[in-house]
Amino acid sequence: METKTFRKGSVIFRAGDPGDCMYEVYTGKVAVFTDYDTEKQKRLTEYYPDQYFGEMGLLDRMPRSATALAVEDTTLGVVTEENFDAFYRENPGRVLMVMQQISQNLRRRTIEYMDVCSRIKNLTETEEVQ
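Counting in this note's numbering, the sequence shown runs from 4 upward without gaps.
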């Protein structure tokens, strides 16, 4: 697996870039943002050593949906389509970690979505009473 190093403040990928690999954080910290470098910028999450990010791009080959930034000097392992089979065969436990991380992210986003829906419903009901 190829290793890449990013200095603090370096962009790893931008929203809209091709989703052609995923990364394993070896050292450092990575933050993921929507609307990066604009007034609407929002930090979505952070990744630390032994965590993976960018897996959606590797799996569905869609453009990146957010921007990843090295918050500290960071070293990453790069898993591409070409080396994913070997990664999968040689590291079944790590592949399970990736799948668990995807599941946890989906669960967290579903809870956040349901909370927003509930808040909108409550606001709508309050406006109807007035």
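Using N, Cα and C, we set each Cβ at its ideal position, and we do this for glycine too. All of these numbers come straight from a predicted model, not from anything done at the bench.
Is the CB-CB distance between Q104 and Y55 below 8 angstroms?
yes
Can you give the Cα-Cα distance for P95 and Y39, rounded to whole angstroms?
34 angstroms
How far does the beta strand (DSSP E) with A71 in it extend, from its first residue to its last?
70-73
Bridge partners of M25, per DSSP?
V82
I need the straight-line Cα distance from G31 to M100, nearest angstrom please.
19 angstroms
Have a look at E75 and L126 and give me their C-alpha separation to the nearest angstrom.
41 angstroms
If you check the beta carbons only, do A71 and G80 fall under 8 angstroms apart?
no
Once DSSP output is grouped into helix, strand and coil, what is the label at R122?
helix
Considering only the beta carbon of each residue, do E84 and D20 sit closer than 8 angstroms?
no
Please report the residue range of the alpha helix (DSSP H) in which E5 lies.
Note, E5: premise wrong, no alpha helix (DSSP H); beta strand (DSSP E) at 5-9.
Which class does T113 belong to by DSSP, given the choice of helix, strand or coil?
helix
Does DSSP put R92 in a helix, a strand or coil?
helix
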